[in-house]
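K.L.:
Okay, here's the structure, questions in a sec.
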Amino acid sequence: MTTALQPSLPSYPLLRLRLAPRAGMPRRIDGVWWPRSYDLLVELPRLLAGLPQAWGHISSVTVNGATWSVTPGRMLVFNQVVRLRRSTTMSAPDTVCLLAPSRGRWDLLVVPPDTPPDTAEPLMAAAVGDDPI
Numbered sequence: 001m002t003t004a005l006q007p008s009l010p011s012y013p014l015l016r017l018r019l020a021p022r023a024g025m026p027r028r029i030d031g032v033w034w035p036r037s038y039d040l041l042v043e044l045p046r047l048l049a050g051l052p053q054a055w056g057h058i059s060s061v062t063v064n065g066a067t068w069s070v071t072p073g074r075m076l077v078f079n080q081v082v083r084l085r086r087s088t089t090m091s092a093p094d095t096v097c098l099l100a101p102s103r104g105r106w107d108l109l110v111v112p113p114d115t116p117p118d119t120a121e122p123l124m125a126a127a128v129g130d131d132p133i
């Protein structure tokens, strides 16, 4: 198991995330995440720290195994164990799936880290609406 250290505060915003507005209808995606790298050990603590408290403790994260760097089977993030799974299916190659026991499942579209801001920002807004978190 790997322990993720809390990152030092950089000069740029920690998290580039937009969540879809809550509505009565089911959505294909629940939000859009634009990580700064494909290093899950660095990016995951930032993502989990920025999620709404109502989502509860995320116990399992599934990512595209072909895209993300090699990861251990689980890691300790903010004193909580998170199981890391790598999917090899092509059904949703650009998403990350978050699971919280008794709370639900959330699927986030992942914008590639090297996407220029003038491309990524409109993509994020179009995917979920105009309201950043």
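Under the UniProt record's numbering, the residue at position 17 of the sequence shown is numbered 17, and the numbers go up by one with no gaps. For each residue, glycine too, the CB sits at the ideal point set by N, CA and C.
#1: Considering Cα atoms alone, identify which of 72, 116, 99 is closest to residue 108.
#2: Among the candidates 82, 17, 129, 119, whose CA atom is the shortest distance from the CA of residue 59?
#3: Taking C-beta to C-beta, are residue 120 and residue 111 nearer than 7 Å?
#4: Relative to the C-alpha of residue 44, which candidate in 76, 65, 31 has its C-alpha closest?
#5: Within its chain, find whatever has a CB closer than 7 Å to the CB of residue 74; leave out the 5 residues flanking it on each side and keep chain order.
P.N.:
So, from the listed chains and residues:
#1: Answer by Cα proximity: 99.
#2: 82
#3: yes
#4: 76
#5: So the qualifying residues of the chain are 1, 81, 82, 83, 84.
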